[in-house]
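Asks:
Numbering (this note's numbering), first residue to last: 157 to 414.
1. Across which residues does DSSP place residue 231 in a beta bridge pair?
2. Excluding the 5 residues preceding and the 5 following residue 204 in the sequence, name in chain order all residues of the same chain whose CB lies nearer than 6 Å to its CB.
3. Have a look at the DSSP bridge pairing and note the partners of residue 321.
4. Specify the secondary structure class of residue 190 as computed by DSSP and reduced to three states.
5. On the DSSP bridge list, what partners appear for residue 277?
6. With a Cβ-Cβ cutoff of 8 Å, do residue 209 and residue 169 count as a contact?
7. Would you identify the three-state DSSP class for residue 223, choosing helix, strand or coil?
8. Classify residue 352 as helix, strand or coil using the three-state DSSP reduction.
9. In this structure, how does DSSP classify residue 264 when only helix, strand and coil are distinguished?
10. Ignore the nearest five residues each way along the sequence and tell me which others in residue 353's own chain have a CB closer than 7 Å to its CB.
11. Residue 310 and residue 166 - do their beta-carbons sit closer together than 8 Å?
12. Flag this pair as touching only if the region 315 to 327 and the region 264 to 274 have three or more C-beta atom pairs under 8 Å; answer yes or no.
13. Can you look up residue 387 in the DSSP assignment and give me helix, strand or coil?
14. Measure the CB-CB distance between residue 158 and residue 192 and report whether it falls below 8 Å.
15. Three or more C-beta pairs under 8 Å: does that hold for the region 178 to 186 against the region 252 to 263?
16. Taking residue 376 and residue 393 to be in contact with their CB atoms under 8 Å, please state how far apart those CB atoms are, rounded to whole angstroms.
17. Please report the residue range of the beta strand (DSSP E) in which residue 364 lies.
18. Run through DSSP, which three-state label would residue 397 get?
19. Roughly how many whole angstroms lie between the Cα atoms of residue 387 and residue 347?
20. Considering only the alpha carbon of each residue, which of 247, 200, 355, 287 lies closest to residue 332?
21. Between the C-alpha atoms of residue 201 and residue 302, what's the straight-line distance to the nearest angstrom?
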């Protein structure tokens, strides 16, 4: 079972052709994702802050349209997703359908978010929920858009407790994570978002993973059971120009740029 994980895109839909080597671009990422889907049972999770932090309506419209084509299996709403206001977000999320997961919050403008998801392949089940840290300093302007619901998260954790692989998407400052893991310790993988750093390390028995920021890398996580034990391997994959651009998404980016 493969998870392709993206976080902290910050509205960077195109490859700026800067840096050495130049990385990023959702047209190139689409090719990477499609290749994985052709070879393996692959889930695409996004940890939030996909939108730009500021109001750029045409950019964020293009991003929403592209994500509709990429078809994430889990999409997490974080602070930057409110940059265009509630009506825009509500319309955007309706395009993502059942992918929207909010473990510990309810979005006031959108009633369609699930608190958890379960995915099954060859007899193995992965359960995933999310936790949006309300103590993040960036949460101030958007707190009126969200309703924290502790019981919702408790029910989600219980609902996935019997799965083979338990995954948490944690969108928040890492300094708050130890307290959460002390109370809810039974994860195999915690996918980090918000702090824009590449991470692949162990925290006790839990694997912590983050691809970084701006869509330059994505995390490829492989989950296996061997001799009754969970085996997790992680690679950070560059989204480079050597990946052919998806022509449909390339055209969307081109139209936005002009």
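Just so you know, even glycine gets a beta-carbon here, dropped at the ideal spot from N, CA and C. Just so you know, these numbers come straight off a predicted model, no measurement behind them.
Replies: Judging by the given coordinates:
1. Paired residue(s): 202, 256.
2. Take residue 204, set aside five residues on each side of it, and the residues of its chain with a beta-carbon closer than 6 Å to its own are 232, 234, 327, 349, in chain order.
3. By DSSP's assignment, residue 321 forms a beta bridge with 282.
4. Helix at residue 190.
5. Residue pairing by DSSP places residue 277 opposite 280 in a beta bridge.
6. No, Cβ-Cβ distance for residue 209 and residue 169 is not below 8 Å.
7. Note: residue 223 maps to helix in three-state DSSP.
8. The three-state secondary structure of residue 352, taken from DSSP, is coil.
9. DSSP places residue 264 in the coil class of the three-state scheme, outside both helix and strand.
10. For residue 353, where only same-chain residues beyond five positions count, the Cβ hits under 7 Å are 366, 368.
11. No, they are not a contact pair.
12. For the pair of segments examined, the region 315 to 327 was found to touch the region 264 to 274: the number of CB pairs separated by less than 8 Å reaches three.
13. The answer is strand: DSSP assigns residue 387 an E or B state.
14. In contact: residue 158 and residue 192 (Cβ atoms closer than 8 Å).
15. The count of Cβ pairs closer than 8 Å, one atom from the region 178 to 186 and one from the region 252 to 263, stays below three, leaving the stretches out of contact.
16. Confirmed, Cβ separation roughly 5 Å.
17. Per DSSP, residue 364 belongs to the beta strand (DSSP E) from 362 to 367.
18. Three-state result, residue 397: coil.
19. About 16 Å.
20. Closest option to residue 332, Cα to Cα, is 287.
21. Approximately 21 Å, taken between the alpha carbons.
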